[in-house]
Amino acid sequence: MKERRITRNVIQIISRYKDLSATEITALFKNEGIYADKGAWAKFIDAVLLSIGIAFLVAGAIFFFAYNWDELHKFVKLGIVQFLILSGIAAVFLIKPNLLVKNIILTGTSMLVGLLFSVFGQIYQTGADAYDFFLGWTVFVFLWAVVSEFAPLWLLLLALINITFSLYVSQTGPDWTAVTTYLILSMVNLAAVILVKYLASKNYIVPTPGWFDKIVVIMAVCCFTRSLVSGIYDKYPIVWFIALAICVVVYSAGVSYALRHKSIYLLCLIPLSVIIILVGLILEVFRVSNEFFYLLIGLVIVACITALVRELAKLNKTWYGDN
Numbered sequence: 020m021k022e023r024r025i026t027r028n029v030i031q032i033i034s035r036y037k038d039l040s041a042t043e044i045t046a047l048f049k050n051e052g053i054y055a056d057k058g059a060w061a062k063f064i065d066a067v068l069l070s071i072g073i074a075f076l077v078a079g080a081i082f083f084f085a086y087n088w089d090e091l092h093k094f095v096k097l098g099i100v101q102f103l104i105l106s107g108i109a110a111v112f113l114i115k116p117n118l119l120v121k122n123i124i125l126t127g128t129s130m131l132v133g134l135l136f137s138v139f140g141q142i143y144q145t146g147a148d149a150y151d152f153f154l155g156w157t158v159f160v161f162l163w164a165v166v167s168e169f170a171p172l173w174l175l176l177l178a179l180i181n182i183t184f185s186l187y188v189s190q191t192g193p194d195w196t197a198v199t200t201y202l203i204l205s206m207v208n209l210a211a212v213i214l215v216k217y218l219a220s221k222n223y224i225v226p227t228p229g230w231f232d233k234i235v236v237i238m239a240v241c242c243f244t245r246s247l248v249s250g251i252y253d254k255y256p257i258v259w260f261i262a263l264a265i266c267v268v269v270y271s272a273g274v275s276y277a278l279r280h281k282s283i284y285l286l287c288l289i290p291l292s293v294i295i296i297l298v299g300l301i302l303e304v305f306r307v308s309n310e311f312f313y314l315l316i317g318l319v320i321v322a323c324i325t326a327l328v329r330e331l332a333k334l335n336k337t338w339y340g341d342n
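For the sequence shown, my numbering gives the first residue as 20, with consecutive numbering after it.
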């Protein structure tokens, strides 16, 4: 994959200190691939329309069964879903060599696998726990996700892993507190994004798009926040202090990474998590239930966020100038 040598911000900074005409700046944007041409827009529109079509197909299948459930024989129900899955697999192998189209179809087929398990469980009333459903779904799409190297399918797999683990712990698993459960989930999500970035840096897999990394990071941060806030209201179990120590290390590493790689996203996300945790700690320590106290807490939150936005704006200006 060809890497961009010049980014949009670099061109804007150059144009500020060098006498470049609008035509020259536009040419630079086009030459560096920052401006999409008609061909790129056509591919983007094709991918979006195909994705919407696949999404409507999956949604249509779900509503079809919901509306006609009593009128359909059980073998017809299973046969329809299996036919759709086999059609998707056949399309992946028989379609013209367009990797993006194949991956979009494979993602839709992976969603249909979940529908198949749902229909099977509803027909035969297996009595299995909810986590069994998501576990089976995860196992059967795991190989597809690994082979495809397609970020949306990876995100689906990671979401299934999170849901499966959460349901397992809450239904039949060990008697863990929310602190432990969400701490493990945060580490799983963090490990996933680190592993993907490492494999991409070694050219073992294709680099993931930025939105994938951001979504997985926000999942990890939300789990860290949920873990620590739960521990605050669970009277500080021992595992809470372990979670706090891990969180401090991870957040410190995240801030260091953000400063080195100029990531405003991380510098916004991590302080917001810290603010939420501190507010939860203040509410639990003081335990004051009156309007003035909650008003004061609200003002503290507004002040913290205002200060954060101001500092991030200054930092962004330092990195990229006025833009």
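Note that CB positions come from ideal geometry on N, CA and C, so glycine has one too.
| Query | Result |
| --- | --- |
| Taking Ile324 as the reference, which of Phe312, Leu288 and Asp232 has the closest Cα? | Leu288 |
| Determine the burial state of Ser129: buried for a count of at least 16 other Cβ atoms within 10 Å of its Cβ, exposed for fewer. | buried |
| Pull up the distance between the alpha-carbon of Val267 and that of Phe260, whole angstroms please. | 10 Å |
| Are Ile81 and Leu174 touching if we call contact CB-CB under 8 Å? | no |
| Looking at Ile283: is its Cβ nearer than 8 Å to the Cβ of Val298? | no |
| Determine the closest residue to Ile73 out of Tyr313, Ile180, Thr196 and Ile123, with distance taken between C-alpha atoms. | Ile123 |
| Less than 6 Å between C-beta atoms, sequence neighbours within five positions excluded: which residues of the same chain meet that for Thr200? | Val188 |
| Roughly how far, in whole angstroms, is the beta-carbon of Val138 from the beta-carbon of Leu97, given that I think they are within contact range, below 8 Å? | 6 Å |
| Ignoring anything shorter than 4 residues, give me the alpha helix (DSSP H) runs that lie fully in the stretch 70 to 133, in order along the chain. | 93 to 113 |
| Specify, as a first and last residue, the run of the alpha helix (DSSP H) that Ser205 falls within. | Ala197 to Ser220 |
| Return yes when the Cβ of Phe136 is within less than 8 Å of the Cβ of Gly155, no when it is not. | yes |
| State the start and end residues of the unbroken alpha helix (DSSP H) segment that holds Gly229. | Gly229 to Tyr252 |
| How do the stretch 182 to 198 and the stretch 217 to 237 stand: do at least 3 beta-carbon pairs fall below 8 Å, yes or no? | no |
| Can you name, in chain order, every residue of its own chain whose Cβ lies under 6 Å from the Cβ of Ser205, other than the five neighbours on each side? | Ala239, Cys242 and Phe243 |
| For Met20, count the other beta carbons within 10 Å of its own beta carbon; 16 or more makes it buried, fewer makes it exposed. Which is it? | Only weak support is given to the placement of Met20: the predicted model assigns it a pLDDT of 39, under 50, and the question is left unresolved by the model. |
| Are the CB atoms of Leu300 and Ile251 within a distance shorter than 8 Å? | yes |
| In whole angstroms, what separates the C-alpha of Pro256 from that of Arg245? | 14 Å |
| I need the straight-line Cα distance from Ser292 to Ile224, nearest angstrom please. | 31 Å |
| Starting from Tyr284 and walking both ways along the alpha helix (DSSP H), at which residues does that stretch end? | Ile283 to Phe305 |
| Only counting the same chain, and skipping five residues up and downstream in sequence, which positions put a Cβ closer than 8 Å to that of Ile114? | Val120, Lys121 and Ile124 |
| Candidates Ile142, Tyr150 and Ile213: which alpha carbon is nearest Val269's? | Ile213 |
| Measure the C-alpha to C-alpha separation of Ala85 and Leu172 and round it to an integer number of angstroms. | 25 Å |
| Leu176 and Phe161: beta carbons closer than 8 Å? | yes |
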